[in-house]
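The listed protein sequences derive, respectively, from chains A and U. Per the working numbering, the very first residue in the first sequence carries number 1; after that it's consecutive. Per the working numbering, the very first residue in the second sequence carries number 241; after that it's consecutive.
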Amino acid sequence: MIELQKLTKKFGNNTAVDSLSLTVEAGEFFTVLGPNGAGKTTTLKLVAGLLRPTAGSVSVGGIDMAEKPGRAKALMSYIPDIPYVYEKLTGREFLHFTGELYRLDRSIYRARAEELLEQFLMRDDGDKLMETYSHGMRQKIVISSALLSDPRLIIIDEPMVGLDPRSIRLVKDLLRERTRSGTTVLMSTHTLALAEEISDRLGIMHRGKLIALGGVDDLKRAARRSEGLEDIFLRMTAEA
Amino acid sequence: MTGARSLFFARIRILKNSVSGIRNEPVLKTTFIAVLTASFWFGSFFLFYRGLSFFNAIPAVGPVLVDETMYIFFAVLFIMLLLSSIVVCHATFFNVKEVEFLLSKPLDHRVVFFYRFVQSSIYSSWAFLFLGIPFLVAYAIIRDASCCFYLALPGWFILFVILPTATASLLVLPAARFLDYRRARRAFIGTAVVLALAAFWYYKSVIAPAAQEGEDIAAFMESFLYHLRILKHPLYPGYWMASSIIEAAGGRALESVRYFFVYAATTALALQLNHIEAGRLYYRGWLASRNRSNRPLPPPGAGAANSLLSIFSVLPRPTAALITKDIKSFARDFSQWSQFLIYLAILGVYILNLGSVPGSVDNPYWKMIVTFLNFSATSLVLAGFTVRFLFPQISLEGTKIWILGLAPVTFKELVLQKFFINGVMILLVSELLMTATNIMLETSPGLFFVSCAMTALTAVGLTGLAVGLGALYPDFREENPSRIVSGFGGTLNFITALIYVAVIVLLFSVPYFSYHVHHTVTAGTFRTMLSAAWTGSLAATAAAGILPLVLGYRKLQRSEF
């Protein structure tokens, strides 16, 4: 579903992503881990087409992002780390706006929006302006809008920040359910327990490079120690 | 006051870093902007100088008219600055995230207040600098003022802008503390309606009859200005500032200083009252502004507003969704629509004033002057409108670009959507205005058609310029439209819009004045000149309106978010 070939992104003299090659299969839940400034968000934005690579290529669903960005983007939804929204729209209006923007079938997206508002316990707040929402409420609306178009790829940056435990559980279940039906999830997070719990594979980034790749068990085997992901992560990013 | 020094130095550091950023800009770009700014200043100066010279040359009343212009200038400016300061103060005191950060620090609330106060003064008065300096310099030359006059200009400017902001904040602070958002909004609308009615009553009962008294323009103007004596009321601050400048230009230094000190003392008093009020009300007002009503709105599809917006459903769905989103966001944003109301008020006052110009003036020179002045004034108001409301639109999408950047909507479609929907609105308003004013002025059919066609061109040109430059020079990090406009791109838009309007006026006024007024060209030459004017104005509109649009969306396509 995602194929990155020697992907490099430089901001001036600073190399944020350094010759990154990676393949993520359809229906796979792939998590990118790494300390602050490792290049996780930049990688996600490159895959989403919100940044242009300095070198290398991004292909989504077999479509080259540089050549046909419109077609590639039509396959995906992106959930940013900071949920900037239209403050003067209500949550429900924002979901309808997204549905219209993607030209979704009206009866389907309206029913789906209600279902998501219900699931996230946002039905009563759906008609209030989003400027009055808490961070977590905004995040719920943003996640709902991403799920509305039934994308084949969900790119999600720090998904659980600000969410209450019930919503965290709900998001985890929704994402897992999606991957079972063939949707690919590319997630970046600092929450190692979350990554360990729901990912099929993990990639640890440090200073723009992918320094480890595989399932949690693979990483443990590679580390030849019976330690948790947190210890492996701290040791790898300290040694690298 | 604790923290004031730190805030001041932080602001200086930000300014220094911004200036360093300009140093990194390409030399060609910086030179281009410098030349453009200088052209604007000299162009404005030339126009003001010609206008004031014209008044000055009118026998008997000339010099008086020049001084009266100064009174009107400061009287109107004071009201405009006061109104814009009310809106700007409300936004900068209470609706900025930086305030939340500052109030979480161990700072005296009054320090935070005055820090924002200075910013409010700058935001609400930067345009005054652009127009005010060339006007006052032109006035000083005509009045043959001494060099001391020019040295004192910065002092007058700085002092003048503080009082409207101080008065506005004295109104905004208690309103934010004691009225909730909806009641404050109602109070604002109510006050605006009462003021509009009072102005209309004054016009109908005092000013309009004056128009009937004068048989020619000179007599009319004398009579008209007599009836505007309310603007010279000795208790009105605009009068003090105008008097100080007029007395200084006339070499009466003591009288000038007297008026200057009256204004300065009033400003000091207003600042002292602000100091007291801020200590008691600012923090509480800010807390009250957090308790915004979160009453549910009608769901999509329900309610009168949603039914009205359904007219856009004939358009492609993404376009209709973007338009609906823009309209709802605008209508729900107090700082946006209140400034929009101020623009409407300016247009209303303008039309009312135009109604008092005798339409039956036979002199073709006057007829032509009034017609072209009408077109220029309308276009200038529209230029200000497009800069203020259209330029920030692309920038305001910035933090939300993750939505549009991934949606199946291209940046070309986004820019064109902004251009067409705003263009249609601007075109309708400007044509309505031009038609109404032409009827009031009893313009000849030929000029009527030409002025309406010129208006259509400028509506397209100004809309394209504002939307295009907004895409070319976006500020994706800023969420306050007033601050977006006061940046580099907004200033460039303001200057190029004024130059564009001046070019259009010049292209058409030369053939019309040459043939109909001065009779220096034949009918054949007039037609050739007019054809050239049409060709030139079409080229100017393409350059001003279409080129920035194309460059703008190409820049967006290349941008990274």
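Glycine included, C-beta positions come from ideal geometry on N, C-alpha and C. The structure displayed is predicted, hence computed values, not measured ones.
Taking all protein chains shown into account, do 16 or more other C-beta atoms lie within 10 angstroms of the C-beta of ASP217/A, making it buried, or fewer, making it exposed? Exposed, since its Cβ has fewer than 16 Cβ neighbours within 10 Å.
So, ALA510/U versus LEU410/U, is the Cβ gap smaller than 8 Å? Against a cut-off of 8 Å, the Cβ pair of LEU410/U and ALA510/U comes out as a contact.
Nearest chain U C-beta to MET76/A closer than 8 Å, yes or no? With its beta carbon less than 8 Å from one in chain U, MET76/A belongs to the interface.
Within 10 Å of its beta-carbon, does GLU338/U have 16 or more other beta-carbons around it, so buried, or fewer, so exposed? Classification for GLU338/U: exposed.
Within 8 Å of any Cβ in chain A, is that where the Cβ of TRP526/U sits? With 8 Å as the cut-off, TRP526/U does not count as an interface residue toward chain A.
Assign CYS329/U to buried or exposed, taking buried as 16 or more other Cβ atoms, counted over all protein chains shown, within 10 Å of its Cβ. Here CYS329/U is buried, its C-beta having at least 16 other C-beta atoms within 10 Å.
Given a cut-off of 8 Å on the beta-carbon distance, is the pair SER635/U and LEU89/A in contact? The beta carbons of SER635/U and LEU89/A sit no closer together than 8 Å.
Which residues in the same chain have their Cβ closer than 8 Å to the Cβ of ILE700/U, if we skip the five residues on either side of it in sequence? The question names Ile, but residue 700/U is Val in the sequence shown. GLY663, LEU667, THR781 and GLY785, listed in sequence order.
Do ALA380/U and SER288/U count as a contact pair if the criterion is CB distance below 8 Å? What sits at residue 288/U in the sequence shown is Phe, not Ser. Not in contact: PHE288/U and ALA380/U (Cβ atoms no closer than 8 Å).
Does the beta carbon of LYS249/A come closer than 8 Å to any beta carbon on chain U? Outside the displayed range of chain A (1 to 240) lies residue 249/A, so it cannot be described from this structure.
Span separating the alpha-carbon of VAL352/U from that of PHE341/U: The straight-line gap separating the alpha-carbon atoms of VAL352/U and PHE341/U is approximately 10 Å.
Using a Cβ-Cβ cut-off of less than 8 Å, list which residues of the stretch 635–650 of chain U approach chain A; keep chain order. Close to chain A, meaning a Cβ-Cβ distance shorter than 8 Å, are the following residues of the stretch 635–650 of chain U: THR639, LYS640, ILE641, TRP642, ILE643, LEU644, GLY645, LEU646, ALA647, PRO648, VAL649 and THR650.
Enumerate in chain order the residues of its own chain whose CB-to-CB distance from VAL802/U is below 8 Å, with the five nearest sequence positions on each side excluded. Any question about residue 802/U goes unanswered here, given that chain U covers just 241 to 801.
I'd like to know if the stretch 182–197 of chain A and the stretch 18–33 of chain A are in contact, where contact means that at least 3 CB-CB pairs between them fall below 8 Å. Yes, the stretch 182–197 of chain A is in contact with the stretch 18–33 of chain A.
Going by beta carbon distance, what residues of the same chain come within less than 6 Å of ALA518/U, once the five residues before and after it are set aside? Correct list, in chain order: ARG350 and PHE353.
Is VAL171/A near the ligand SAH, with its Cβ less than 7 Å from a heavy atom? Questions concerning the ligand SAH fall outside what the structure shown contains, since it holds no ligand whatsoever.
Please say whether THR309/U and LEU322/U have beta carbons closer to each other than 8 Å? Not a contact, by the Cβ cut-off of 8 Å.
How is GLU197/A classed by DSSP in three states: helix, strand or coil? In the structure shown, the three-state DSSP call for GLU197/A is helix.
Quick one: which chain U residues come within Cβ less than 7 Å of TYR86/A? Result: LYS565, SER569 and LYS640.
Give the secondary structure of ASN720/U by DSSP, where H, G and I count as helix, E and B as strand, and everything else as coil. Of the three classes helix, strand and coil, the one that applies to ASN720/U here is coil, per DSSP.
Return no unless some Cβ of chain D is closer than 8 Å to the Cβ of PRO540/U. Although the question refers to chain D, the structure presented lacks it and instead comprises the protein chains A and U.
Looking at chain A, is there any beta carbon in it that lies within less than 8 Å of the beta carbon of ARG794/U? ARG794/U has a beta carbon lying at 8 Å or more from every beta carbon in chain A.
For ASP307/U, which option in MET481/U, PRO538/U and THR271/U has the closest C-alpha, if you only look at C-alpha atoms? For ASP307/U, the closest C-alpha among the options MET481/U, PRO538/U and THR271/U is that of MET481/U.
So, is the C-beta of LYS128/A closer than 8 Å to a C-beta in chain U? Chain U, which has a Cβ nearer than 8 Å to the Cβ of LYS128/A, makes this yes.
Looking only at DSSP bridge pairs, what is TYR363/U linked to? According to DSSP, TYR363/U bridges with nothing at all.
Taking the C-alpha atoms as reference points, what is the distance between MET680/U and ALA783/U? Between MET680/U and ALA783/U, the C-alpha separation is close to 33 Å.
Chain A contacts from the stretch 337–364 of chain U (Cβ-Cβ distance under 8 Å): Here the close residues number zero.
Using a cut-off of 7 Å between C-beta atoms, extract the partners of ARG628/U located in chain A. Think of a sphere of 7 Å around the beta carbon of ARG628/U: no beta carbon from chain A falls inside it, the nearest being about 18 Å out.
Our contact map puts LEU343/U next to TYR523/U with C-beta atoms below 8 Å; I'd like the distance itself, whole angstroms only. Indeed, because the Cβ distance is near 7 Å, the residues count as touching under 8 Å.
Sorted by chain position, which residues of the same chain lie with C-beta nearer than 7 Å to SER578/U's C-beta, five sequence neighbours on each side aside? Correct list, in chain order: VAL327 and PHE428.
Contact between the stretch 429–439 of chain U and the stretch 386–405 of chain U is defined here as three or more beta-carbon pairs at a separation below 8 Å; is this criterion met? Taking 8 Å as the limit for Cβ pairs, the verdict is that the stretch 386–405 of chain U does not touch the stretch 429–439 of chain U.
Would you mind sorting GLN512/U into buried or exposed? The rule is 16 or more other CB atoms within 10 Å of its CB. So GLN512/U ends up on the exposed side.
Contacting residues, own chain, Cβ-Cβ under 7 Å from ASP164/A (five flanking each side not counted): So the qualifying residues of the chain are GLY136.
Distance CB(ILE641/U)-CB(PHE716/U) smaller than 8 Å: Taking 8 Å as the Cβ cut-off, ILE641/U and PHE716/U qualify as a contacting pair.
Where DSSP assigns a beta bridge to GLN5/A, which residues make up the other side? Partner(s): SER57/A.
Does the Cβ of ASN614/U have 16 or more other Cβ atoms within 10 Å, making it buried, or fewer, making it exposed? By the neighbour-count rule (16 or more Cβ atoms within 10 Å), ASN614/U is buried.
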